Amino acid sequence: MFEIDLRRVGEVAVDVDIDSPIIMGGDGEAQFEQQTHSASGDTSASETLNTALTLAAGIGSGILDGMRVLVTEDDPSVSAALAGALTRAGHTCDRVASGAALLQQYRSADIVLLDLGLEDMDGLSALEQLRALSEIPVIVVTARGDERSTVQALRLGADDYLVKPVRLHELLARLAAVARRYAGLAVDRIELGDCIIDETERQVLHDGATIALTPTECALLAMLARHVGAVVSRQRLLDAVWGEAYSATSRAFDVHLAGLRQKVPMLRITTIRGRGFRLERP
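So that you can map any letter, position 272 of the sequence shown is 272 in the numbering used here, and since no number is skipped, the others follow by simple counting.
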C-alpha cells in the first residue's frame, strides 16, 4: 500500500491512501477515503500528490501526460471524484452525463470513461453508437459487475471494464495500458503463411480479403505471432497487452481471444491447458 503522508492544503493536511476506493459503490456517494488533521509546512500539495500518483500507478515514463479524458457519468458526485483524481494526476477532464453529449463531444478527447447508467440511454447503447463513429479508447467504469454486462460491453468494443468501487492506482494503470495499446502499435508487418498481420492498420490480409481488428485484438495477435509455434502464458499475454495491473482472472481476455479466433480462423490459436496459448505455424 502506498500512502501520501500529510498532503497539505493551506493549514490542513490530508493523508491520502492510494489503495482506497475513489468511488464508493452502492449509495451513490463518491469520495476519497481520507483522514484530515491540522498541519503546517511548505510542501506543495499538487507536487506531492502527483508524485505519489505516478509512483503508485507505475507510469513514470509519461505515457499518459496531458491526456484528455471524457468522463461520461450521470452521478455528479462520482463524476467529480473521477475528474478530480485524473486532474490531480495531470490530465484534462471534461464531464458529460448523457449518451447524446458523449456522441457530440468525444472528438475532443483522447479516451472515454463510460458509466453504463446514463441520463438518456443505457451505456451499452451509447457504446454501440460510439463504435459506429470512432475507435477512441473506451474504459467502462460501472457498478454492474455481472458477467453478462461485462461480456456485452467488451464485445461492443470497450477496451477495458472496471467495476466500482475503483481504486485510483488501478484506474491509472488501466488507462496507461490502454494508451500503450493505441500508441505503441508497430509499423512493420508480420507474415504468417498466406496471412499478413498489419499492425499499423490493425488488420489481417488473407487471400485478398481484409479483416479488421480492434486495437486489443491486434496487440494480442501480434504478441502471439512474434512467438509463433511457442507457448505464451496467459499472464505474459496480459502483461504485454493490458499491463501488469490487470487481473489474470478477468473475463476481458477470454472475450477478446474468442473474438480473435472468430475473425481469423485461418490462424489457429491452441489452448495448452495449464501453460498458455500457442499460435500454430501455418
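All C-beta atoms in this analysis are idealised placements derived from N, C-alpha and C, irrespective of residue type, glycine included. Here the structure is a predicted model, which means the values were calculated and not measured.
Asked                                                                                                                                                                 : Found
Here's the rule: buried if 16 or more other CB atoms are within 10 angstroms of the residue's CB, otherwise exposed. What is Arg-281?                                 : exposed
Going by the CB atoms, is the gap between Val-232 and Leu-192 shorter than 8 Å?                                                                                       : no
Report buried or exposed for Leu-279, applying the criterion of at least 16 other Cβ atoms within 10 angstroms of its Cβ.                                             : buried
Check whether the region 218-227 touches the region 198-208, taking contact to mean three or more Cβ pairs, one atom from each stretch, closer than 8 Å.              : yes
Among Gly-259, Gly-90, Ser-79, Glu-119, which has the Cα closest to the Cα of Leu-172?                                                                                : Gly-90
Find out if the Cβ-Cβ distance for the pair Val-112, Thr-72 is shorter than 8 Å.                                                                                      : yes
Determine the closest residue to Tyr-182 out of Asp-110, Gly-208, Arg-251, with distance taken between C-alpha atoms.                                                 : Asp-110
Buried or exposed: where does Gly-274 fall if 16 or more other Cβ atoms within 10 Å of its Cβ makes it buried?                                                        : exposed
Helix, strand or coil for His-227, going by three-state DSSP, please let me know.                                                                                     : coil
Where DSSP assigns a beta bridge to Cys-93, which residues make up the other side?                                                                                    : Val-69
So is Gly-123 buried or exposed if we call it buried at 16+ other beta carbons inside 10 Å?                                                                           : buried
Return the chain-ordered list of same chain residues with a C-beta closer than 7 Å to the C-beta of Val-96, the five sequence neighbours on each side being excluded. : Leu-70, Thr-72, Leu-102, Gln-105
Looking only at its own chain, which residues have a Cβ that is under 8 Å from the Cβ of Thr-92, when we skip the five neighbours before and after it?                : Gly-66, Met-67, Arg-68, Val-69
Using DSSP's beta-bridge definition, name the partner residues of Tyr-161.                                                                                            : Val-140
When you compare only the Cα positions, how much space is there between Arg-234 and Ala-100?                                                                          : 38 Å
Taking just the CA atoms, how far does Ala-176 sit from Gly-60?                                                                                                       : Only weak support exists for where Gly-60 lies, its pLDDT of 34 falling under 50; the coordinates are left without a value.
According to the Cβ coordinates, are Ala-225 and Ile-197 closer than 8 Å?                                                                                             : yes
Let me check one thing: in DSSP terms, what residues is His-206 bridge-paired to?                                                                                     : Cys-195, Ala-209
What is the rounded straight-line gap between the Cα of Ile-272 and the Cα of Leu-237?                                                                                : 14 Å
State the CB to CB distance for the pair Leu-168 and Val-140, rounded to an integer number of angstroms; the pair is presumed to be in contact (CB under 8 Å).        : With 8 Å as the limit, Leu-168 and Val-140 do not qualify as a contact, their Cβ atoms being about 17 Å apart.
Here's a check: name, in chain order, each residue in its chain whose Cβ is nearer than 6 Å to the Cβ of Thr-142, leaving out the five neighbours to either side.     : Asp-115, Leu-116
Buried or exposed for Leu-133, please, with buried defined as at least 16 other CB atoms from any protein chain shown within 10 angstroms of its CB.                  : exposed
Of the choices Ala-81, Val-151, Ala-179, Val-78, whose alpha-carbon is the least far from that of Arg-251?                                                            : Val-151
Please determine, among Met-266, Asp-254, Ile-136, the residue with the shortest C-alpha to C-alpha distance to Arg-155.                                              : Asp-254
If you run the structure through DSSP and keep just helix, strand and coil, what is Asp-122?                                                                          : strand
Return the residue from the list Ile-211, Arg-107, Ala-179 that minimises the CA-CA distance to Arg-131.                                                              : Arg-107
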